[in-house]
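J.:
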Amino acid sequence: AEAKFDNKRAPKPRTASASKPPRSGAAITPEKETAALAFVKQYHPELHGLLQSLRDHQPEEFEKAIRDLSRTAERLRPYRENDVARYELEVRMWQAQSRVELLTAQVLMGDSPELRKDLRTAVEHKLALQREVYRAERQRLTDRLNRLDQQIERLDNQGDAMVERQVELLLRPLKSDSKPRRPSPTKNLKTN
Numbered sequence: 437a438e439a440k441f442d443n444k445r446a447p448k449p450r451t452a453s454a455s456k457p458p459r460s461g462a463a464i465t466p467e468k469e470t471a472a473l474a475f476v477k478q479y480h481p482e483l484h485g486l487l488q489s490l491r492d493h494q495p496e497e498f499e500k501a502i503r504d505l506s507r508t509a510e511r512l513r514p515y516r517e518n519d520v521a522r523y524e525l526e527v528r529m530w531q532a533q534s535r536v537e538l539l540t541a542q543v544l545m546g547d548s549p550e551l552r553k554d555l556r557t558a559v560e561h562k563l564a565l566q567r568e569v570y571r572a573e574r575q576r577l578t579d580r581l582n583r584l585d586q587q588i589e590r591l592d593n594q595g596d597a598m599v600e601r602q603v604e605l606l607l608r609p610l611k612s613d614s615k616p617r618r619p620s621p622t623k624n625l626k627t628n
C-alpha cells in the first residue's frame, strides 16, 4: 500500500516574517495622530506634554499611546454626536482614569506621602464619576423600559385595531385589482 501525502495537512515552511511577533496594531496615520493629540490637548494637557516626551524618547510607546487614545476618541465620538451630556460625562471619566494612571506611574517612580495622597484623591474622584456614569446609565435604561411598557400597553389596548389596519394596508393592492376586468378577446378564442 502506497502512502498518500496530504498537502493540506503538511506543515507550512516558516518564513522570516512568520517568525516575527505580530505588531500590536497598524501604523498610525498622521490624521489619527493629529486627532489623538488634539483630543489630549483639549481634555488632558498634562498628558499632552508627556506624549511629546514619549515621541522623542520612546517612539514605540508613543505609537501605542496614540493608538489607545485614538480608540478612546473613536469610542466617544457617537456620544459627542448624539448625547452631549453622556459625552461630557464619559470624557470626565476618561480624564479621571488617565489621571489615576499618571499618578500611579509617578508613585512607582518616586514614592512620597504627597503623591500617595494625590493618588488616593484621584481614585476617589474616579469612583465618584463611575457612580455618576452608573446612575446615568440606570436612568437611560429606566427611560427605555418606560417606553417599552408604553408600547406593550398600546399593543394590549389597541392590538385588534392595529391588526385590522395592517391587514387592510397589506391587502390594499388587491382592492385596486378588484375592478371588474373585461376578458381578453384572445383568451376565449379556441384554436384548432
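If you're matching positions, the sequence shown starts at 437 in my numbering and goes up one per residue.
Ideal placement from N, C-alpha and C gives every residue a C-beta, glycine not left out.
1. I'd like the span of the alpha helix (DSSP H) that includes Ala471, first residue to last.
2. So Arg522 and Tyr515 are supposed to be a Cβ contact under 8 Å. How far apart are they, rounded?
3. DSSP three-state call for Ser548: helix, strand or coil?
4. Which term fits Arg513, buried or exposed, when burial requires 16 or more other beta carbons within 10 angstroms of its beta carbon?
5. Give me the Cα-Cα distance between Ala472 and Val527, rounded to the nearest whole angstrom.
6. Jot down the residue ranges of each uninterrupted beta strand (DSSP E) in the region 543-615, minimum 3 residues, whole runs only, in chain order.
7. Is Asp492 helix, strand or coil when you go by DSSP?
8. Buried or exposed: where does Leu607 fall if 16 or more other Cβ atoms within 10 Å of its Cβ makes it buried?
9. Mind checking if Glu467 is an interface residue toward chain C, Cβ cutoff 9 Å exclusive?
T.: Put simply:
1. Indexing the sequence shown from 1 puts residue 471 at position 35. Its alpha helix (DSSP H) spans residues Pro466 to Tyr479.
2. The residue given as residue 522 occupies position 86 in the sequence shown. The residue given as residue 515 occupies position 79 in the sequence shown. Contact flag correct, Cβ pair sits at about 5 Å.
3. Working through the sequence shown from its first residue, we reach residue 548 at position 112. Coil, per DSSP.
4. For the purposes of this step, residue 513 is taken as the residue at position 77 of the sequence shown. Counting the other Cβ atoms within 10 Å of the Cβ of Arg513 gives fewer than 16, which makes it exposed.
5. Mapped onto the sequence shown, residue 472 falls at position 36. Mapped onto the sequence shown, residue 527 falls at position 91. The straight-line gap from Cα to Cα measures roughly 13 Å.
6. As for any beta strand (DSSP E) of minimum length 3 sitting wholly inside the region 543-615, there is none.
7. As a first step, residue 492 is located in the sequence shown; it is residue number 56 there, counting from the start. It is helical.
8. The residue you call residue 607 lines up with position 171 of the sequence shown. Of the residues assessed, Leu607 falls on the exposed side of the cut-off, its CB having fewer than 16 other CB atoms within 10 angstroms.
9. Absence of chain C from the displayed structure is noted, only one protein chain being present.
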